[in-house]
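Below: one structure, written as structure tokens.
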Amino acid sequence: MRAIQRGAPLRIGLLGCGTVGAQVARLLAEQADDLAARAGGPLEIAGIAVRRPDAARIAGVDLALITADAAGLAGRADVDIVVELIGGIEPARSLLLAALDAGRSVVTANKALLASDGAALHKAASAAGADLYYEASVAGAIPLLRALRESLAGDTVRRVLGIVNGTTNFILDRMDSLGSDFASALEQAQRLGYAEADPTADVEGHDAAAKAAILAGLAFHSEFTAADVHTEGITEITADDIASARSLGFVIKLLAICERYDNGVSVRVHPAMLPRLHPLAAVHEAYNAVFVEAEAAGRLMFYGAGAGGQPTASAVLGDIVAVARNLRAGLSGPEPATYAELPVVPMADALTRYYVSLDVADRPGVLAPVAESFARRGVSIKAVHQEGRGEDASLIIVTHTARESALAETVADLSAMESVRAVGSVLRVEGQEGE
Ligand SMILES: NC(=O)c1ccc[n+]([C@@H]2O[C@H](COP(=O)([O-])OP(=O)(O)OC[C@H]3O[C@@H](n4cnc5c(N)ncnc54)[C@H](OP(=O)(O)O)[C@@H]3O)[C@@H](O)[C@H]2O)c1
Numbered sequence: 001m002r003a004i005q006r007g008a009p010l011r012i013g014l015l016g017c018g019t020v021g022a023q024v025a026r027l028l029a030e031q032a033d034d035l036a037a038r039a040g041g042p043l044e045i046a047g048i049a050v051r052r053p054d055a056a057r058i059a060g061v062d063l064a065l066i067t068a069d070a071a072g073l074a075g076r077a078d079v080d081i082v083v084e085l086i087g088g089i090e091p092a093r094s095l096l097l098a099a100l101d102a103g104r105s106v107v108t109a110n111k112a113l114l115a116s117d118g119a120a121l122h123k124a125a126s127a128a129g130a131d132l133y134y135e136a137s138v139a140g141a142i143p144l145l146r147a148l149r150e151s152l153a154g155d156t157v158r159r160v161l162g163i164v165n166g167t168t169n170f171i172l173d174r175m176d177s178l179g180s181d182f183a184s185a186l187e188q189a190q191r192l193g194y195a196e197a198d199p200t201a202d203v204e205g206h207d208a209a210a211k212a213a214i215l216a217g218l219a220f221h222s223e224f225t226a227a228d229v230h231t232e233g234i235t236e237i238t239a240d241d242i243a244s245a246r247s248l249g250f251v252i253k254l255l256a257i258c259e260r261y262d263n264g265v266s267v268r269v270h271p272a273m274l275p276r277l278h279p280l281a282a283v284h285e286a287y288n289a290v291f292v293e294a295e296a297a298g299r300l301m302f303y304g305a306g307a308g309g310q311p312t313a314s315a316v317l318g319d320i321v322a323v324a325r326n327l328r329a330g331l332s333g334p335e336p337a338t339y340a341e342l343p344v345v346p347m348a349d350a351l352t353r354y355y356v357s358l359d360v361a362d363r364p365g366v367l368a369p370v371a372e373s374f375a376r377r378g379v380s381i382k383a384v385h386q387e388g389r390g391e392d393a394s395l396i397i398v399t400h401t402a403r404e405s406a407l408a409e410t411v412a413d414l415s416a417m418e419s420v421r422a423v424g425s426v427l428r429v430e431g432q433e434g435e
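Residue numbers (this note's numbering): 1 to 435.
The structure is reproduced here in structure tokens:
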């Protein structure tokens, strides 16, 4: 770490000047005086690396600083803080490892990289005594990672339940409020700029899985990668599922769930029904929210804009100021503790409640064998709703908490039953019993 003279400028190598990077560059210029006062001295941009140096940039970005040489900028001797807003694994990974190895502090918003190579990056930062901050990587503007890493460092987190992908929340919210199907809600999200032309990473749950891995690591003081996260997206959710959930007093959300069990951590992303009274049920449009349950603190809710250039830049700038203060004090910030080394609990052992819809023959005596197959697998039924539809009836069953493997065996048994014409939807139900 180079010695910083009192009041001397700290120099930033900005890698990436797209949706987020351009807003960071603009705000660094526009708020220079206030940021200098808060950070203990001026923050200057040493250079801005991009892929297309001749492309147009927003007003407020100094074009004289633009370069196509990201590695050269990150390695410059006069750069103190490398801010990576390129995204993806490479070249971001190599650039950041080289910067950390050279003792530069790093700020990044790159959830994909943190969820694949977080351990290597933390190791490099620790070895160099440099900072690695990534508040913007999960839930955009919401100050959540610092809360987990610092504010809750004295507590024991039991559960983190989050809506961490704005695109899927927008789609499910439109399906709920307008009764639209998945395809038309997705098309609307794309038209309004809430979904990318290729929405795979969002709708298949991969983006939320990267965030779940980061959240679980900080909440449970262990290391997880996106590959540890059981991941299901929302493409199979139908307008009927949404309507059925609504009639039972539930709403369907894509949730990132990190839960502490006696034997490890369950970390998963999947659509789930939530009681309409649950605080996360009231999160509409593309907003994000994360609900944390800690032993002493109780239930905490973090809510706000999970994406967008300006909101995300707010979190990046907060990290830059924190890193600048550390550099001026000759310190490095708190490292996340990974001493617990908790294992991942297999999805088959996850514990949750379930909603199962069945098409059955509408004749006397159908319910008894259905109920018996749940009982045989140790899955306790909480509520049954039956609705006649001519020769068939629709049977909706909501269970008490059960093991995922027991529910899967029950569904296999039901599928083989003569009186069950079809097993419709099987959805998990989250939120505490009685909510
Ligand atoms: N957008 C959001 O709302 C949001 C929210 C939270 C977190 N994030 C994270 O923030 C990061 C940046 O996202 P973004 O939306 O700002 O991305 P973006 O709009 O696609 O911008 C990427 C920037 O990186 C530059 N770039 C790409 N490849 C490069 C290379 N090989 N060398 C140098 N520069 C390169 C691009 O240059 P050109 O401009 O010349 O193409 C562009 O300026 C990602 O990790 C993302 O996950 C974004």
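C-beta atoms are modelled at their ideal positions from N, C-alpha and C, and glycine is treated no differently.
Residue environment, residue i, which counts as buried when at least 16 other CB atoms sit within 10 Å
| i | result |
| --- | --- |
| Ser222 | buried |
| Tyr339 | exposed |
| Ala281 | buried |
| Asn288 | buried |
| Asp78 | exposed |
| Ala393 | buried |
| Ile89 | exposed |
| Leu331 | exposed |
Proximal residues to residue i (C-beta, below 6 angstroms), its chain only, five neighbours per side dropped
| i | result |
| --- | --- |
| Tyr134 | Thr108 and Leu114 |
| Met175 | Ala185 and Ile242 |
| Val82 | Gly13, Ala74, Ala99, Arg104 and Val106 |
| Val457 | Because the chain is modelled from 1 through 435, residue 457 falls outside the range shown and cannot be assessed. |
| Ile396 | Ser357 and His385 |
| Tyr303 | Ala289 |
Ligand 1 heavy atom lying under 7 angstroms from the CB of residue i
| i | result |
| --- | --- |
| Val20 | yes |
| Asn169 | no |
| Thr231 | no |
| Pro9 | no |
| Pro143 | no |
| Gly137 | The sequence given here places Ser at residue 137; Gly does not occur at that position. Within the cutoff, so yes. |
| Arg52 | yes |
| Ile86 | yes |
| Pro279 | no |
| Ala74 | no |
| Gly205 | no |
| Pro91 | yes |
| Asn165 | no |
Chain-order list of residues whose beta-carbon lies under 7 angstroms from that of residue i (same chain, five-residue window excluded)
| i | result |
| --- | --- |
| Ala119 | Glu223 |
| Leu65 | Ile45, Gly47 and Ile48 |
| Asp173 | His284 and Glu285 |
Proximal residues to residue i (C-beta, below 8 angstroms), its chain only, five neighbours per side dropped
| i | result |
| --- | --- |
| Glu391 | Ala361 and Asp362 |
| Asp181 | Met175, Thr238 and Ala239 |
Whole-Å CB distance - residue i paired with residue j, under 8 angstroms assumed
| i | j | result |
| --- | --- | --- |
| Gly21 | Leu14 | 6 angstroms |
| Val267 | Ala216 | 4 angstroms |
| Ser137 | Lys111 | 4 angstroms |
| Thr352 | Val429 | 7 angstroms |
| Met417 | Pro364 | That pair is no contact at about 16 angstroms. |
Contact test: residue i Cβ vs ligand 2 heavy atom, cutoff 7 angstroms
| i | result |
| --- | --- |
| Asn326 | As for ligand 2, it is missing from this structure, which binds only ligand 1. |
Within 8 angstroms, do at least three Cβ pairs link the region 292-299 to the region 8-15?
no
Do the region 306-313 and the region 136-144 make contact, defined as three or more Cβ pairs closer than 8 angstroms?
Contact between the region 306-313 and the region 136-144 is present: 3 or more CB-CB pairs across the two stretches fall below 8 angstroms.
Is there contact between the region 200-214 and the region 158-177, where contact requires at least three CB pairs shorter than 8 angstroms?
yes
Between the region 222-237 and the region 267-275, do at least 3 Cβ pairs fall closer than 8 angstroms?
In short, these stretches touch, since the Cβ pair count reaches three.
Meets three-Cβ-pair contact criterion under 8 angstroms: the region 401-413 and the region 248-262:
Three or more beta-carbon pairs separated by less than 8 angstroms are not found between the region 401-413 and the region 248-262, which leaves the two stretches without contact.
Do the region 47-66 and the region 329-343 touch if we need at least three Cβ pairs shorter than 8 angstroms?
Between the region 47-66 and the region 329-343, the count of C-beta pairs closer than 8 angstroms stays below three; the two stretches do not touch.
Stretch-stretch touch, CB-based, cutoff 8 angstroms, three pairs: the region 92-112 with the region 315-328
yes
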